[in-house]
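Structure, as structure tokens:
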Amino acid sequence: MGSPAGQAHPPAFSLLTFLIVALLLFAGARSEDSISGEGVSAIRLPSEGGDQAVCASSPAAATCPVRCFRPDPVCGVDGVTYWCGCADAACVGVRVAKLGFCEVGNGGSGLLSGQALLLVHIVWLIVLGFSVLFGLF
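Heads up: the sequence shown runs through residues -31 to -1, 1 to 106, numbered per mature numbering (1 follows the signal peptide of the UniProt record, and there is no 0).
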């Protein structure tokens, strides 16, 4: 009936607690996927709703380059963030993909492997700079 002497059993409540926490985390992750539609983000911008043009209602830029006094970023289809809004993107001749910043690694003009290589080089330069600064090399 009992366990042999010297052999300890883990408490039953710790296994039950682990299962409940795992179930809650899994349910939370699934509900976030259902909110976002694609599983990318739970926040959807009005520009992500359909195929309508994001900047259709904005007036065309009178002069290029656009001078803006406050940032109004939009993301172009080329993966570049245009800080002065739709008019700035129109000056370059780029259609706006969404309102807000472009995400890092969304394609842009460079390959993802090229971006990863650039990140490795930046980290290497930082490490090299600190080691020279502290006299390790």
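Note that CB positions come from ideal geometry on N, CA and C, so glycine has one too.
| Check | Outcome |
| --- | --- |
| In three-state DSSP terms, what is L105? | coil |
| Could you please give me the residues that DSSP links to C44 through a beta bridge? | T50, K67 |
| Along the chain, where does the alpha helix (DSSP H) that runs through A58 open and close? | 55 to 61 |
| Quick check on F38: does DSSP put it in helix, strand or coil? | coil |
| With distances taken from CA atoms, which of R39, R36, P40, A58 is nearest G48? | A58 |
| In whole angstroms, give me the CA-to-CA distance for V35 and L87. | 30 Å |
| To the nearest angstrom, how far is it from the Cα of F103 to the Cα of V46? | 44 Å |
| Going along the chain, which residues of its own chain have a beta-carbon closer than 7 Å to the beta-carbon of L94, five neighbours each way excluded? | none |
| Quick one: what does DSSP say A(-10) is sitting in, helix, strand or coil? | helix |
| With the cut-off set at 8 Å, would you say V61 and V43 are in Cβ contact? | no |
| Check whether the Cβ of V96 lies closer than 8 Å to any Cβ atom in chain B. | Any reference to chain B falls outside this structure, which holds one protein chain only. |
| Please work out which residues of its chain come closer than 8 Å, Cβ to Cβ, to V63, disregarding the five sequence neighbours upstream and downstream, and give them in chain order. | G45, V46, D47, V49, Y51 |
| Does the separation of the CB atoms of C55 and C37 fall below 8 Å? | no |
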